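My numbering puts the first residue of the sequence shown at 12, with every later residue one more than the last.
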Amino acid sequence: MRPDVEIYDTTLRDGSQGEGINFSALDKLRIAEKLDAFGVHYIEGGWPGSNPKDMEFFKQASKRKWKHARIAAFSMTRRKAMAVEKDDLMRQILEAETPVVTIVGKTWLLHVTEVLRARPDENLAMIGDTVRYLTDHGKAVIYDAEHAFDGFKDDPDYALATWQAAEKAGAECIALCDTNGGCLPREIARIVGVARDRLTARLGIHTHNDCGLGVANGLAGLEAGATHIQGTINGYGERTGNCNLTSVIPILHFKLKRAGAPARSLPKLKELSEFVDEIANLRHDPRQPWVGQTAFAHKGGMHVHAIDRVAHSYEHINPAEVGNQRRVLVSDMSGRTNILMKAAELGFKLAPEAPETRVITAEVKRRESLGFEYEAAEASLALLIGKTLAHRELPFKVDGYHVSIRSHNGSSVCEATVKVRVGDQTAHTVAEGDGPVNALDGALRAALARFFPAITHVQLTDYKVRILDGVAGTAAKTRVLISSSDGKRDWGTVGVSENIITASLQALVDSMEFALMKQ
Ligand SMILES: [Zn+2]
């Protein structure tokens, strides 16, 4: 094993600067606890004094026991022409009571003279004074060198002088930041290499993803001598985001064989990634490397056939090692192997040469030619297989339905009636709704609840409509995809028809049947 790499998470500070991301103090605490349990080395909680939420987070965080991580508070170098102890920023950062403080300072002369309007030597004094003041107060200081790479390219001697000022004042780590995200991996490697030769403090790397190189640049920094990497879960951050730790962590472990996060945590990576998205109220990106839903999904018949024989023939790691799973997509590209593997995944035993296997494969292909799609509707596929194998009887049958729309004084009301048969009993119910599908859902649910009370827990969580064949105008086919949940499990069902109501009812019926089948 090569030397340890420190994982510095800034999801709660740099990550929360991403568009659409807004954490409350409690959200931050929950994420921090999850990160601590996972085993990152540092958690940067925010910028004390910048807002009351961050101050509240640090107040709560200082009362807790952290098992693995050290909590860091973020701030900047003292203001120009002001004694460090008189600067309010210092009082605020000390009040956060964190063991670690991270101080950002200027490397690039352009920023020193044009933005800050300070003299170059004054900036050096601001860096030195701030770091020394905080180390004197017992803090471990990480110095974030803003625009480290752009600054170095502009004036290498001055850039080095700023980093040396922080080192001399006692910073334990100098983190070089590609703040604008415009550098290439070879530039990062060259400049980190120079810093490695000239500094003795631990070197860190902080990159942004503006060129789609956030992770690549972070790794280039590590390969060139940095042993501390800063980033965010799921790559949150300003503009196009920060270096994505959700990729860095497994790359360190599986590809570079360097110790970063604890090996025992790697199978919880997907859960961590989903948890953070959940708290941020963002949809989990299905195409995210390592942890996305499609990261180990196989569609082409040849791939599927091969992974059935040797899993690693089309997989770079075993998906379970990062908490993900192999998925076989059923589509018109699929051969029999897809169906067999999908059936096994759904809990059915199908023999390759069994007549049912041929029937199911042919039926899936026939339905797909009509516009059905099973990739997001695995529950409908499970029902199709289950019925063909005659493992189960249908729990209910819809004998008939009626939907009407009435418009009155500019507002419209939809009403649906449904007749359902269970064994030799029938139920005939009526419901109103915002729209026809909503009314139909209400009536079907009311009818079924008389026989199956558990159905009341099932909820429709998403409803998508796609027109399949645009040229036919209103006679076009409609595909309806419904997502349902009973609070414990989620499933998808599909319906296709020229009539949107019929397509919706098919998907609704499948959803209810699946809920009952799984009981
Ligand atoms: Zn940043």
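Beta carbons: idealized from backbone N, C-alpha and C, even for Gly. Owing to the predicted nature of the structure, the values given are computational and were not obtained by experimental measurement.
Val520 is the residue among Val520, Lys70 and Pro300 whose C-alpha sits nearest the C-alpha of Val431. A check of alpha carbon separations from Thr251 across Arg41, Gly223 and Ile416 identifies Gly223 as the nearest. Three or more beta-carbon pairs separated by less than 8 angstroms link the region 452-464 to the region 423-443, which places the two stretches in contact. Restricting attention to Cys184, Asp166 and Ala362, the CA atom closest to the CA of Ile153 is found in Cys184.
Counting the other Cβ atoms within 10 Å of the Cβ of Ser415 gives fewer than 16, which makes it exposed. Per the coordinates, the alpha-carbon of Gln241 lies some 18 angstroms from the alpha-carbon of Pro110. Taking a C-beta distance under 8 angstroms as the contact criterion, Ala427 and Ala458 do not qualify as a contact pair. An exposed status is given to Ala401, since fewer than 16 other beta-carbon atoms sit within 10 Å of its beta-carbon. In the DSSP assignment, Arg197 falls within the alpha helix (DSSP H) that extends over Pro196 to Arg209. Straight across, the Cα-Cα distance linking Arg338 with Gln304 is about 8 angstroms. By the C-beta criterion, the region 180-195 is judged to be in contact with the region 210-223, since at least 3 inter-stretch pairs fall below 8 angstroms.
Inclusion of Leu361 and Thr368 in the CB contact set at 8 angstroms is warranted, their separation being smaller than that value. In this structure, the alpha-carbon of Val16 lies about 19 angstroms from that of Val205. Rounded to whole angstroms, the Cβ separation of Asn228 and Ile199 is 5 angstroms, and the two are in contact under 8 angstroms.
According to the DSSP assignment, Gln241 belongs to the beta strand (DSSP E) that extends over His239 to Gly242. Taking the Cβ of His217 as the reference point, at least one heavy atom of ligand 1 falls within a distance shorter than 7 angstroms. The region 85-96 makes contact with the region 53-65: 3 or more CB pairs, one atom from each, lie closer than 8 angstroms. Per DSSP, the beta bridge partners of Gly57 are Ala84. Burial check for Ser258: the Cβ neighbour count within 10 Å reaches 16 or more, so the residue is buried. Each residue's CA atom was taken as its position, placing Gln103 and Glu96 some 11 angstroms apart.
In the same chain as Ile54, and ignoring 5 residues on each side of it, the C-beta atoms closer than 6 angstroms to its own belong to Asp20, Ala43, Leu46, Ala80 and Ile82, in chain order. Around the C-beta of Leu37, fewer than 16 other C-beta atoms lie within 10 Å, and the residue is accordingly described as exposed. Our two residues, Ala136 and Leu256, have alpha carbons roughly 33 angstroms apart in a direct line. Taking a contact to require three or more Cβ pairs closer than 8 angstroms, the region 158-176 and the region 116-125 qualify as touching.
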